[in-house]
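What follows is a set of notes on a single structure, which appears directly below.
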Amino acid sequence: MRKPHVCEDQEAPVTVEQNGDGTPAGEGAPGPAETEGIRAPRYGEAPTPLSVLDLVTVGAGRTATDALHTSVALAKLAESRGYHRHWVAEHHSMPGVASSSPAVILAHLAAHTTRIRLGSGGVMLPNHAPLVIAEQFGTLEALAPGRVDLGLGRAPGTDGATAAALRRTDQLNEGADDFPQQLAELTRFLDDDFPDGHPYARIHAVPGPVQSTSPGGVQSPHRPPVWLLGSSGFSARLAGMLGLPFAFAHHFSAQNTIPALDLYRDSFRPSALLDAPYALIGVSALATDDEQEARRQVLAAALNMVRLRTGRPGLVPTPEEAEAHRFTDMERDFITSWNSNVVHGTADQVRTGLDDLAKRTGADELMLTANAHSGDVRLRSYELIADAYGLPTPD
C-alpha cells in the first residue's frame with residue numbers, strides 16, 4: 004500500500020547552504036512583524052492552541068464546488084470559534100481531494116475572512132520553481148497582510164507518475180535531495196536578498212520587498228513565515244537547524260511523531276524567527292453527537308484510505324457504502340491500525356483523546372483535520388470540539 008500525501012519525506016543527509024558568515028542560508032533575518040502568528044494563543048480549556056487542516060474532501064455524490072463551499076464555511080466557523088489558523092494541502096490526481104492549488108484556495112478564503120491565519124500545509128516545494136511560490140505567497144500576503152503562513156514539504160503530494168508530469172522529469176529523487184537548496188533560494192526571493200554577483204540578484208519576486216526600495220515605494224512589513232512539514236526525520240532536523248517552526252503529519256505517520264519531535268527539538272538552533280522550538284502536529288479528529296455515528300463516519304474515511312493506498316483513489320464513500328463493503332482481512336487490519344490514530348467519538352471522548360495526545364507529544368499546537376463524507380459532518384465536528392473546550396463563541 005502506498006502512502007498518500009502531504010508532507011511525507013524520506014530520510015537523507017541534511018546539508019544546508021551557508022551565508023558568507025557561516026550562518027545557514029534560508030534562515031533569514033525577519034523583524035518582529037514577521038514572527039507574528041507563529042506562537043498561537045490558547046483559548047478556553049484546550050491543552051494547546053487549536054487549528055484546522057482542510058483537505059477539501061469531495062464525497063460521493065458531491066462536487067468540487069460543494070467541497071470548496073464547505074471550506075469557506077469552515078474558515079468562517081474556525082475564525083469565529085478561536086481556531087488560530089486554517090491550512091490547505093497540495094494534492095494531485097486524487098478525485099476525493101480538491102486542493103491541487105493551495106494558493107488559489109487561500110486567496111478565496113482570504114476574501115471571506117478577516118482574522119484567522121491562512122496557509123499551506125503544505126506546498127510541495129520540489130513541484131514548483133521557488134520564484135513562483137514567492138510570487139504566489141507575496142500576492143497572498145498583499146491580499147491578507149499579516150496572516151499568511153507558507154508551509155513547505157518535500158514529497159510530491161501524489162504518486163510517482165503524476166509527480167513526473169508535474170516536474171517534467173523522471174528524476175524525482177533529485178528534487179527531494181535538493182530541498183535545502185530550493186528552500187534557501189525561495190527564502191532569498193521572499194527576502195529579496197541574493198548577494199551581489201548571484202545570477203538571480205537582479206530578479207525580484209513581486210509583490211515583495213523590492214517595491215519598498217523603488218522610488219516612492221511603500222511595502223508591507225509582513226513576510227509569510229516559512230514552516231517545514233514532515234512525516235519523518237529529514238525536515239524535522241532541517242527545521243531545527245534553521246530555527247524554523249515545524250509541522251508533523253501525525254495524522255498519517257503516528258509512529259514517527261515523538262521521534263521526529265525529539266529530533267526537531269534536539270537540532271534546534273535559535274534564529275531571528277524563533278528563540279525556541281515551536282511544533283504543531285496534524286491530527287485526525289472527528290466528533291459527532293453520537294459515538295456510533297462517529298464509528299460509521301471514520302469507517303467510510305478509512306475505506307477511502309484503503310482505496311488510495313491500493314492505487315484506486317476515488318471520492319470519499321458514504322457511511323452506507325462503507326457498511327455494505329465486504330472487507331478483506333488485509334483491509335480490516337489496515338482499518339484497525341488506521342483508525343487507532345483517529346481521535347473520534349462524542350465531543351467529550353475527542354476532548355479526552357486530544358488532551359492525552361498533547362500530553363504525550365508535548366506539541367505546541369494541534370491542527371485538526373476532520374475526514375468525513377459530508378461537509379455538514381465536518382463542520383459539526385469543529386463546532387462540537389470548540390464547545391467541549393469552551394472556545395469563544397461568535398460575536
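In this text, residue positions in the sequence shown follow our numbering: the first is 4, and each later residue adds one. Where a beta carbon is used, it is the ideal one built from N, C-alpha and C, also for glycine. For clarity, every value in this text was computed on a predicted model and none was experimentally measured.
Beta-carbon spacing of residue i, residue j below 8 Å
i	j	result
Ser234	Thr372	no
Leu121	Ser74	no
Val345	Leu306	no
Gly317	Gly99	yes
Ala239	Leu276	no
Leu193	Leu155	no
Ser102	Leu58	yes
Phe271	Pro262	no
Thr321	Val380	no
Reduced DSSP category for residue i - H, G, I as helix; E, B as strand; rest coil
i	result
Leu387	helix
Thr396	coil
Met399	This structure does not reach residue 399, given that the chain is present from 4 up to 398, and the question cannot be answered.
His72	helix
Val91	strand
His201	coil
Ser3	The structure shown does not extend to residue 3, since the chain is modelled only from 4 to 398, so the question has no answer here.
Arg157	coil
Arg310	helix
Ala366	coil
Leu143	helix
Gly149	coil
Thr51	coil
Thr331	coil
Phe192	helix
Val345	coil
Ile108	helix
Arg299	helix
Val135	helix
Asp292	coil
Gly25	The predicted position of Gly25 is uncertain, since its pLDDT is 42 and thus under 50; a value taken from the coordinates is nonetheless stated next. Note: Gly25 maps to coil in three-state DSSP.
Nearest residue (CA-CA) to residue i, options the options
i	options	result
Leu369	Gly378, Gly285 and Arg312	Gly285
Thr313	His111, Phe197, Glu324 and Thr331	Thr331
Gly243	Leu80, Ala282 and Pro44	Ala282
Pro227	Ala49, Ala106 and Glu386	Ala106
Asp152	Gly125, Asp265, Ala263 and Asp379	Gly125
Thr66	Ser256, Pro183, Gly378 and Leu231	Gly378
Thr396	Ser83, Gly64, Leu360 and His253	Ser83
Gly246	Thr291, Ala375, Thr260 and Asp278	Asp278
Gly149	Ala92, Ser223 and Ser103	Ser223
Gln185	Ile136, Gly211, Pro218 and Thr216	Ile136
Thr339	Ala361, Ser104, Arg298 and Gly154	Arg298
Ser347	Arg315, Val301 and Arg363	It is His, not Ser, that sits at residue 347 in the sequence shown. Checked all of Arg315, Val301 and Arg363; the closest Cα to His347 is Val301.
Ser123	Gly211, Leu232, Val221 and Ala263	Leu232
Trp230	Val353, Val221 and Ala252	Ala252
Ala325	Arg315, Ala167, Ala303 and Val309	Ala303
Beta-carbon separation (whole angstroms), residue i vs residue j, contact threshold 8 Å
i	j	result
Arg157	Phe249	Not quite, the Cβ-Cβ distance comes to about 13 Å (not below 8 Å), so this is no contact.
Val319	Gly62	5 Å
His95	Thr165	5 Å
Leu357	Leu77	Not a contact, Cβ separation roughly 18 Å.
Leu189	Pro133	4 Å
Asn374	Thr68	Between Thr68 and Asn374 the Cβ distance is about 19 Å, and since that is not below 8 Å, they are no contact.
Leu146	Ala110	6 Å
Asp195	Pro210	About 11 Å; that fails the 8 Å criterion.
Ala350	Leu387	4 Å
Glu144	His72	Actually they do not touch by this definition, with Cβ atoms about 25 Å apart.
Note to self: Can you confirm whether the region 334-342 touches the region 380-391 when touching is taken to mean that 3 or more C-beta pairs between the two stretches lie within less than 8 Å?
What the structure shows: Short answer: they don't touch.
Next item on the list: Would you check if the region 41-56 and the region 85-94 touch, i.e. whether three or more CB-CB distances between them fall below 8 Å?
Entry: Using a C-beta cut-off of 8 Å, the region 85-94 makes contact with the region 41-56, since at least three inter-stretch Cβ pairs fall below that distance.
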